[in-house]
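All you need for the numbering used here is the position in the sequence shown, starting with 1, plus 1.
Comments concern the structure below.
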Amino acid sequence: MRDDEFDAIFSGDAPDEETLVAEEPQVTETRPPKAAPAPVDVDHAGFTIGSGITKVTVDKVLDDGSWILDTGYHVPAKRRVPEQVAKLRRQLRSKLLASPEEADKWDRYDQSKIAIIEDRLQTVLQKLNVFLDQEDYQTLLMGLLDDLLGFGAIQPLVDNKECSEIMVNGPEVVFAEYKGKLIETELVFDDEDHIRWTAQRIVRPLMRSLDRKSPMVDARLPDGSRVHLVTEPSALLGTTITIRKFPEKRLTVDDLVRFGSLTKDVAEFFRACVVSRLNIVVSGGTGSGKTTLLNVLSSYIPEDERIVTVEDSAELQLAQRHVVRLETAPALPGTEDVGKLEIRDLVKGTLRMRPDRIVVGEVRSGEALDMLQAMNTGHDGSLTTVHSNSPRDAVARLETLCLMAGMDLPLYVIRAQIAAAIDLFVQQARLKDGSRKVVQVTELLGMEGEQVTLMDLFVYETPNQTSTGYSHEGGGELNPTGFPPGFLHRLEQYGFRLPKTIFGAGRNKFQR
């Protein structure tokens, strides 16, 4: 098919759906399902991008079409559509709508909208005398519906409730996370243009642009999922799309106990700490479950308190009635900073909203200093998260973030702010088996000289423990260290008299 053939039919506009005649496509004899051959020449498979940025050597091509690389890595067989269907889909994508924006608000599974697309498709195929068997026709139709109304090639992952995260690393490489494990999928995009079409389909309804002026977009989808996109010139191997899906069901503390993420005793301890207005920082790496735990901790806040949440992309699911939710805003298109609101702007603004609690989804810059000052000026019981590998690292990370506030403060003053503001660090980790666990609960005791002092209250221990701590293989337990916290009297003031057995009297092996 030549583009001018399609242009001759539509001359740039989609047909009026009321004038279309919904006739059945001409179907030839149905053939058995056919799998497109796996490409053996890696230079034509999309693995060599640009001028030798990366090259992959295929050691063996297996009978099922999958590859074994020279590194031993197994690349699954890719699900490719026949070339004729792929070509038709490329040519028809921009022809079946009056404009790309026409379907921005259409739902992928709205039967009335599906009927409109199918009617238009049948009309075009008939006018062009294109003959497809039933299998190819269905492949073409489903692909166009995914491209025009959904997320293109990754629509099956978007629909899969077991999939928690989707990562597109260019046309040929799509990973998905299932139960904490990353798996390369069989899905591929036709080419870079196919990914860009999908990327534009994602950002356009959000009133965002992904182009040379704005090659990176971080946003929230209507269902609450977070999406991050990067395109040229920054994305060297092709446009990347990362979607962290929003859970349909809000996880509760009972869910975390059932999953083995923490114990009942630690859950009760956390409840006492939150209700007693301790300032808590959840630390951990990317994808370790920090936001999930922050959500659970926030659920302990009493109903009669005013909560203000501040997030880069709204993810928290607080069930309380008296909640104000704030989210950052990008600059208006074509401007440098008009309309732009950053985390720090919002954190400062919360102080004028009479909050009982401030919950910041994550501190990653100078807002850390504003958060500490809020904690130190009567906003007890505030919660936040930070990226770090341990509570000790979290202290150092907060020091660095405070320095990014642009104030010329001595390090000792910043450490004193941290020591005065924070009561408890909770360390999250994702282990090798994909599970997410609380691996350390650490009290901040105060200052000794110019150093912040910490004491572990609970630590995750594994059978094959080393001198450096737990094994990432999993199979361990979150155990008390034998040291009760110094703030027990504060818990008692709020009516919590926790038995000292919770803290494992007599254990002192893991004091830090």
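We put the beta carbon where it would ideally sit given N, CA and C, even for glycine.
- Residue 490 counts as exposed, since fewer than 16 other C-beta atoms from the protein chains shown sit within 10 angstroms of its C-beta.
- One alpha carbon belongs to residue 371, the other to residue 378, and they sit about 10 Å apart.
- Within the model, the alpha-carbon separation for residue 91 versus residue 156 is close to 17 Å.
- The Cβ-Cβ distance between residue 266 and residue 117 does not fall below 7 Å.
- The Cβ neighbour count for residue 168, taken over all protein chains shown within 10 Å, is at least 16; the residue is labelled buried.
- Relative to the Cα of residue 352, the nearest Cα in the group 309, 82, 322, 337 belongs to 309.
- In the structure shown, the three-state DSSP call for residue 404 is helix.
- Spanning the alpha carbons of residue 324 and residue 385 requires a straight line of approximately 16 Å.
- Within the region 352 to 398, the complete beta strand (DSSP E) segments at least 3 residues long are 358 to 361, 384 to 388, listed from N- to C-terminus.
- Residue 275 has its alpha-carbon roughly 10 Å from the corresponding atom of residue 269.
- Taken through DSSP and simplified to helix, strand or coil, residue 198 comes out as helix.
- Residue 232 sits in coil when the DSSP states are folded into three classes, being neither helix nor strand.
- The shortest C-alpha to C-alpha distance from residue 346 to any of 334, 367, 178 is the one to 367.
- Judged by DSSP secondary structure, residue 219 falls within the beta strand (DSSP E) whose first and last residues are 217 to 221.
- Residue 245 is positioned such that its CB atom lies no closer than 7 Å to that of residue 363.
- Beta-bridge analysis with DSSP links residue 479 to 461.
- Contact check for residue 425 against residue 279 passes: the beta carbons are separated by less than 7 Å.
- Inter-residue distance for residue 109 and residue 86 is about 20 Å (C-alpha atoms, whole angstroms).
- The continuous alpha helix (DSSP H) containing residue 138 extends over residues 135 to 150.
- Our two residues, residue 293 and residue 260, have alpha carbons roughly 13 Å apart in a direct line.
- Contact check for residue 444 and residue 486: beta-carbon distance about 5 Å, within the 8 Å limit, so the pair qualifies.
- Note that the region 98 to 112 touches the region 133 to 152; at least 3 beta-carbon pairs, one per stretch, sit closer than 8 Å.
- CA-to-CA, the gap between residue 494 and residue 178 works out to about 44 Å.
- Following the DSSP letters along the chain, one finds residue 439 inside the beta strand (DSSP E) bounded by residues 437 to 449.
- CA-CA distance, residue 322 to residue 142, rounds to 45 Å.
- Remark: C-beta atoms of residue 193 and residue 80 do not approach each other more closely than 7 Å.
- In the structure shown, the three-state DSSP call for residue 95 is coil.
- By the 16-neighbour rule on beta-carbons within 10 angstroms, residue 63 is exposed.
- With the rule of 3 Cβ pairs closer than 8 Å, the region 196 to 204 does not count as touching the region 291 to 306.
- Assignment of beta-bridge partners to residue 76 by DSSP yields 68.
- If you check the CB distance, residue 248 and residue 307 do not come in under 7 Å.
- Annotation for residue 400: 412, 415, 416, 419 place their beta carbon closer than 8 Å to its own, counting only its chain and skipping 5 residues before and after.
- Residue pairing by DSSP places residue 418 in no beta bridge whatsoever.
- For residue 272, the uninterrupted alpha helix (DSSP H) run begins and ends at 265 to 276, by DSSP.
- Beta-bridge partners assigned by DSSP to residue 428: 284, 441.
- If you draw a 10 Å sphere on the C-beta of residue 438, you find 16 or more other C-beta atoms in it, and that means buried.
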